[in-house]
Amino acid sequence: MAIIGAIMVPHPPLIIPAVGRGGEAQIEETTHAYKKATESIAAWKPDTVVIITPHSVMYKDYIHISPGDGAKGDFSRFGAPNARYEVTYDKALVAEIEKLASANDIAAGTLGERQPALDHGFLVPLHFLANAMGSPLPCNFVRIGISGLSFETHYRLGMLISDAAEKLSRKVCIVASGDLSHYVQADGPYGFRPEGPEYDSKIMDIIGRAAFDELLAMPEDFCETAGECGQRSFLIMAGSFDGIKVEAEMLSYQGITGVGYGVAIFTPIEPDNSRHFINKQE
Ligand SMILES: [Zn+2]
540 MAIIGAIMVP HPPLIIPAVG RGGEAQIEET THAYKKATES IAAWKPDTVV IITPHSVMYK
600 DYIHISPGDG AKGDFSRFGA PNARYEVTYD KALVAEIEKL ASANDIAAGT LGERQPALDH
660 GFLVPLHFLA NAMGSPLPCN FVRIGISGLS FETHYRLGML ISDAAEKLSR KVCIVASGDL
720 SHYVQADGPY GFRPEGPEYD SKIMDIIGRA AFDELLAMPE DFCETAGECG QRSFLIMAGS
780 FDGIKVEAEM LSYQGITGVG YGVAIFTPIE PDNSRHFINK QE
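Using the working numbering, the letters of the sequence shown map in sequence onto residues 540 to 821.
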């Protein structure tokens with residue numbers, strides 16, 4: 540199994556002390572879980588960490604993968620220009636994923652880069668990874684965005700990430716960066732919708748059982764009304780474990796700021812034929 544582990548994490552910039560300036564205390568439970576999740580990535584000692592971020596360049600019909608040798612980013616947009624980070628990309632793995640995507644008719648690749656600088660969907664997990672792994676970071680990275688394409692297409696891309704890692708004999712960990720609903724509190728920045736808490740409790744239940752077939756089957760219009768951010772990110776991660784039995788450990792859920800934040804760890808156990816949720820060649 541080329542994917543040796545994965546985590547689901549949110550990306551509130553507020554959680555970075557330089558940005559939160561004390562405000563991060565209200566999501567301490569999330570911080571705690573985040574540390575535990577990124578420490579397991581450090582313990583797995585991956586060659587490469589693939590971070591899926593909903594806030595990279597996003598196209599309706601194309602999933603963008605960042606090209607080049609690496610990238611830098613900081614939290615200057617959030618008032619903390621000194622919180623700076625830098626990564627090296629695993630160019631060979633990117634090239635292999637791109638090759639497999641084109642061979643399998645998945646619209647994904649390195650074209651159309653508009654903003655090379657790392658976005659907060661990538662930077663927040665990177666902040667915790669840097670704390671857990673030390674710097675300079677002992678592994679390379681791949682940065683993958685999401686698109687308006689179907690849930691199934693994102694899941695299929697996840698399957699290809701696993702195939703590409705296998706082909707190059709890379710030990711890869713996946714970080715599925717994504718917030719849950721933006722409508723879970725009436726006094727939150729986006730207000731309340733009943734679909735918000737409904738989505739969050741569904742996701743936490745599904746994720747907690749690693750029921751990735753149910754994740755794939757969630758109605759897209761319901762997810763949209765619920766104002767989710769991370770569904771497609773979670774689906775790419777789920778696809779990377781297609782045909783594999785996965786143990787899920789749910790670490791935390793908080794919705795106190797009006798946005799849902801969930802943290803979980805996924806460990807592959809063994810190949811499992813009953814978990815092929817999509818036929819590869821249809
Ligand atoms: Zn987001």
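Think of the CB as a built atom: it goes at the ideal place given N, C-alpha and C, for glycine as much as any other residue.
Here the structure is a predicted model, which is why all the values come from computation and not from measurement.
Short Cβ contact (8 angstroms threshold) for residue i with residue j
i           : j           : result
residue 778 : residue 792 : no
residue 682 : residue 595 : yes
residue 546 : residue 714 : yes
residue 592 : residue 658 : yes
residue 636 : residue 585 : no
residue 781 : residue 808 : no
residue 656 : residue 610 : yes
residue 711 : residue 576 : no
residue 617 : residue 677 : no
residue 719 : residue 767 : yes
residue 632 : residue 699 : no
residue 602 : residue 685 : yes
residue 787 : residue 746 : yes
residue 755 : residue 774 : yes
residue 648 : residue 590 : no
residue 671 : residue 568 : no
residue 587 : residue 732 : no
residue 697 : residue 597 : no
residue 627 : residue 600 : no
residue 748 : residue 783 : no
Cβ distance (whole Å) where residue i is taken to contact residue j below 8 angstroms
i           : j           : result
residue 735 : residue 765 : 6 angstroms
residue 614 : residue 557 : 7 angstroms
residue 661 : residue 573 : With 8 angstroms as the limit, residue 661 and residue 573 do not qualify as a contact, their Cβ atoms being about 14 angstroms apart.
residue 798 : residue 721 : 5 angstroms
residue 625 : residue 690 : About 33 angstroms; that fails the 8 angstroms criterion.
residue 651 : residue 549 : That belief does not hold up - the Cβ atoms of residue 651 and residue 549 are roughly 27 angstroms apart, past 8 angstroms.
residue 761 : residue 785 : Between residue 785 and residue 761 the Cβ distance is about 24 angstroms, and since that is not below 8 angstroms, they are no contact.
Endpoints, alpha helix (DSSP H) assigned at residue i
i           : result
residue 613 : Run containing residue 613: none in the alpha helix (DSSP H); it sits in the beta strand (DSSP E), 609–614.
residue 570 : 567–583
residue 764 : 759–764
residue 606 : Unbroken run through residue 606: none, as it is neither H nor E.
residue 751 : 751–756
residue 559 : 556–559
residue 670 : 659–672
residue 635 : 630–642
Coil, strand or helix - residue i by DSSP
i           : result
residue 688 : coil
residue 598 : strand
residue 679 : strand
residue 777 : helix
residue 695 : helix
residue 746 : helix
residue 821 : Low confidence applies to residue 821: its pLDDT is 46, below 50, so where it sits in the model is not reliable, and the reading given next is rough at best. Three-state result, residue 821: coil.
residue 720 : coil
residue 816 : coil
residue 798 : coil
residue 700 : helix
residue 803 : strand
residue 738 : helix
residue 618 : coil
residue 544 : strand
residue 623 : strand
residue 564 : helix
residue 705 : helix
residue 552 : helix
residue 811 : coil
Endpoints, beta strand (DSSP E) assigned at residue i
i           : result
residue 791 : 783–793
residue 592 : Taken as a continuous stretch (DSSP letters only), residue 592 belongs to no beta strand (DSSP E), as it is neither H nor E.
Residue burial classification, residue i (beta-carbon count within 10 angstroms, cutoff 16)
i           : result
residue 812 : exposed
residue 741 : buried
residue 653 : exposed
residue 629 : buried
residue 695 : buried
residue 701 : buried
residue 810 : exposed
residue 561 : exposed
residue 725 : exposed
residue 744 : exposed
residue 769 : buried
residue 640 : buried
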